[in-house]
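Scroll down for the structure; my scribbles are underneath it.
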Amino acid sequence: MKIHEYQAKEILEKFDIPIQRGYPLDDKKDINSTIRKVQENFDTEAVIVKAQVHAGGRGKGGGVKYCATYEDAQNAANSILGMNLITHQTDPEGKKVNKILITEALDIKKEYYFAITFDRSKNCDVFIVSDEGGVDIEEVAKNSPEKIIKAWINDSENSLLNGINEIISKLSLEKYQNQIEDIFRKLYRCYYESDCSLLEINPLVITTDDDIIALDAKVNIDSNALFRHPEITSYRDKSEENPLELKASEYGLNYIKLDGNVGCMVNGAGLAMATMDIIKHYGGEPANFLDVGGAANVETIKNGFKIILSDRNVKSILINIFGGIVRCDRVANGVIQAVKELDLDASVVVRLQGTNADLAKKILDDSGINIISAETINEAAKKAVEAV
Amino acid sequence: MSILLDKNTSILVQGITGSEGLFHTEQMLNYNAKVLCGVTPGKGGQIVTNNQLPVFNSIKDAKKQFDIHATTIFVPPKFAAAAIIEAIEQNIKLIVCISEGIPVRDMIQVKNMLNKSSSILIGPNCPGIITAEESKIGITPGFICKKGSIGILSRSGTLTYEAIDQVVNIGLGLTTAVGIGGDPVIGSSMIDILKHFDADGETKGVVMIGEIGGNMENEAAKWIKDNMNKPVVSFIAGQTAPKGKRMGHAGAIISEGSETAEAKIAILKECGVTISNTVSEIGSTMKRIIG
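Sequences listed follow chains U and H, in order.
For the first sequence, the positions run 1 to 388 when this note's numbering is used.
For the second sequence, the positions run 1001 to 1291 when this note's numbering is used.
Shown next as structure tokens:
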């Protein structure tokens, strides 16, 4: 799950990690009072106004502004709050800024990139640090990979300390040994105890007063672990999510909208991707990815139809189910109810295999509804593309 | 012969009293799997299924009455890691975790324990293991399998079934199919399973199904080139998958572009693995190369 910068900073603060301080707001009438509050509470004339959206590259897109004076801050806040922000990580049409964060401005001596994530190939966590902070780090990784320092951490105290020391030594930061050790330990504890899948600080800065401070924070949380973090669960901002994908997730479906006209409903992410691949192979364009998961029943299948049909481009629907946990008879009953209840313009190609597939075929045959059935995935994909 | 599982493998089911656990225990019994008993904490003393299987509160209790070689786990994700750890602590040789949605942090702890034990973990988030016409642990539909000469390993559950169906329909048949699971942290890697198939006398060829994400396929490709004595056919799902909308950069820096289907297919080809271009050609591609 993605969360906003100001929320990520609230989590960091709980772990006693120094952050660039500020206050979020979502109503233009609070702009003036919030700027004053930041200026007074943090003893700063200059402030930073930062758009709060679930996308990186906000600075380049005009969503982050340094403001030397109160008036500058008023102008920046009024223009950023409500603006449509386009960055390389948003959809081409951009994202509406519903919230901004106003923070203190700090005098910076040096900026670093810092991240902790899980490295699947090595089966352990990895610290990624670079002294090329504050810029597009993917460019740095591509053009000067030697500037990216990685230290892998397994579940032992020793490996954490060794990793931290390795980073300090490679960046020649011995002068800040104690501070860095303290902050990196806290960051790792925060990452570990909050079930983060990513904790990224870009930049982590050393100020002219030699304080080390997290200027920004991007935190992604392992959705499977949210049951033990009710306070983080409440951070979910549904206005940041695609409305159709959000609706699908409320139905327990994993849906991603694409640009084609062949809708598909499949069980299992692997088979769903393979189904999209073969639709394309036969000259069609998949309209979506939709994994109905392991608990498909009458309701989930009906809901799947509703989601697919919300996309006006869809001309045919391919249902490809190979039942293990999913029982095909449940799927068949869902298809029948959906076809009867929903006003279908699209043709429906159904291919059911696996647990209770024979029973499912009988249910579909006896129902008399208008569907095209197929035995193999090949046949199903061809028929779905032809039916467009 | 087969790998990991045969008709003599004695099996316990953790989470046997849940609806999925019970349904699939019955399916396993119908496939003549030697399921002896189940465990659900707090439900010890119950008797379930037509075979009158006893339910125990713990694996420790079950082991007092039964000699257990393998366990399969159908418990909710919150408790699944604890169930795996219980099985490791009780020295169960083969642990198959079907449960989906276990936090990564929990699985890292499981993996660390596993490395210090002699247990083999398959999964989580997988369909389990089936040895054709002998036994199954997990949820793979049994009736699609016929005994033969092909081994299958896959990160995706339903693609495992698809591959079984194809190698059976084309007349090659199956030795064992292993779904290793699609999560970031899993018990057994592709290489772990390839080693078993390479050593198995009955397996003449192996189907290896991968997908985008991670780089397990790339490591397997290199291992195959250096070690494998049998032909391997591979299919990689996700060739048309759109690039996910990402928030951070760290994942991209770590993967260095090797996680796409294109990159994986290129490495597999370089290492002498035959690629099935679409999901429907897995069986025919295998038939073509082993004749």
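No residue lacks a Cβ here, since even glycine has one placed at the ideal position from N, Cα and C.
All of these numbers come straight from a predicted model, not from anything done at the bench.
By the 7 Å beta-carbon criterion, what residues does the stretch 302–323 of chain U contribute toward chain C? The chain labelled as chain C is not found among the protein chains of the depicted structure, namely U and H.
Provide the residue span of the alpha helix (DSSP H) that contains K383 of chain U, from first to last.
Counted as a single uninterrupted DSSP element, the alpha helix (DSSP H) harbouring K383 of chain U occupies residues I377 to E386.
task = Spell out a yes or no on whether the stretch 1158–1175 of chain H and the stretch 1032–1052 of chain H are touching, meaning 3 or more CB-CB pairs, one atom from each, closer than 8 Å.
result = no
- Hey, does Q1014 of chain H have any beta-carbon neighbour from chain U nearer than 8 Å? no
Q) With 16 as the cutoff for other CB atoms within 10 Å, does T233 of chain U come out buried or exposed? A) exposed
**OP:** Taking M273 of chain U as the query, report the chain H residues whose CB atoms sit under 7 Å from its CB, ordered along the chain.
**Re:** Chain H residues near M273 of chain U: E1211, A1237, G1238 and A1241.
Q: Starting from the beta carbon of D1165 of chain H, find every residue of chain U whose beta carbon is closer than 7 Å, and list them in chain order.
A: Q353
What is the residue span of the beta strand (DSSP E) that D72 of chain U lies within?
Per DSSP, D72 of chain U belongs to no beta strand (DSSP E); it is in the alpha helix (DSSP H), Y70 to I80.
Q) Between which two residues does the alpha helix (DSSP H) containing T275 of chain U stretch? A) A269 to H281
Within the 8 Å Cβ cut-off, does A225 of chain U reach chain H? yes
For V314 of chain U, which three-state DSSP category applies? coil
For this session: Quick one: residues in its chain with C-beta nearer than 7 Å to the C-beta of S1156 of chain H, no 5 flanking neighbours on either side, listed in chain order?
Result: G1182, I1209, E1211 and A1237
ask   = Of the residues U:D216, U:K147, U:E93 and U:I137, which one's Cα is nearest the Cα of L12 of chain U?
value = U:D216
Does G403 of chain U pass the burial test, meaning 16 or more other C-beta atoms within 10 Å, or should it be called exposed?
Residue 403 of chain U is absent from the model: chain U starts at 1 and stops at 388.
ask   = What span of residues does the alpha helix (DSSP H) with Q1065 of chain H cover, start to end?
value = I1059 to Q1065
- Taking the alpha-carbon positions, what's the I256 of chain U to V266 of chain U distance? 12 Å
Report task. Assign R58 of chain U to one of three DSSP states: helix, strand, or coil. Result -> coil
Is F42 of chain U helix, strand or coil when you go by DSSP?
coil
- Message: Let's test the definition: count the other Cβ atoms within 10 Å of the Cβ of A1199 of chain H and tell me whether it reaches 16, buried, or not, exposed.
- Response: exposed
- request: Find the residues of chain H that neighbour P286 of chain U, judging by a C-beta separation of less than 9 Å, and give them in chain order.
  value: Per Cβ cutoff of 9 Å: T1240.
Open item on the list: Just to confirm my understanding: we take V64 of chain U, look at its own chain, exclude 5 residues before and 5 after, and list those with CB closer than 6 Å. What are they?
Closed with: K50 and R58
**OP:** Have a look at S79 of chain U and G304 of chain U and give me their C-alpha separation to the nearest angstrom.
**Re:** 40 Å
Residues of its chain near A105 of chain U, where Cβ-Cβ distance is below 7 Å and the 5 sequence neighbours each way are ignored: T44, A46, V47, I48 and Y66
TODO: With DSSP as the reference, label R1105 of chain H as helix, strand or coil.
DONE: helix
Query raised in the report: Any beta-carbon of chain U closer than 8 Å to the one on T1158 of chain H?
Result: yes
(message) Whole angstroms are fine: how far does the CA of E1086 of chain H sit from the CA of V1059 of chain H?
(response) Sequence inspection shows Ile at residue 1059 of chain H; the Val mentioned does not correspond to that position. If you take the alpha carbons of I1059 of chain H and E1086 of chain H, they lie about 7 Å apart.
What residue from H:S1258, H:V1185, H:F1235 and H:C1126 has the CA that sits closest to N1115 of chain H's CA?
Here the closest residue by C-alpha is H:V1185.
- Can you list, in chain order, the residues of the stretch 1066–1082 of chain H whose Cβ is nearer than 8 Å to any Cβ on chain U? P1077 and K1078
#### Entry: Where the alpha helix (DSSP H) containing E5 of chain U begins and where it ends
E5 to K14
Inset, instruction - Along the beta strand (DSSP E) that carries Q1014 of chain H, what are the first and last residues, could you check? - result: Element bounds for Q1014 of chain H: S1010 to Q1014.
Against chain U, does R1288 of chain H count as a neighbour if the rule is that its beta carbon must be under 8 Å from one of theirs?
no
- Query: Do F1074 of chain H and G1015 of chain H come within 8 Å of each other at the CB atom, strictly closer than that value?
  - Reply: yes
Below 8 Å on the Cβ atoms is my guess for I1088 of chain H versus S1119 of chain H; work out the distance and round it to an integer in Å. 5 Å
(message) 8 Å is my cut-off, CB to CB: does M276 of chain U come that close to chain H?
(response) yes
### Query
Alpha carbon to alpha carbon, what distance is there between A360 of chain U and T1175 of chain H?
Roughly 28 Å between the two C-alpha positions.
| request: Give, in chain order, every residue of the stretch 243–261 of chain U whose Cβ lies closer than 8 Å to some Cβ of chain H. | output: I256 and L258
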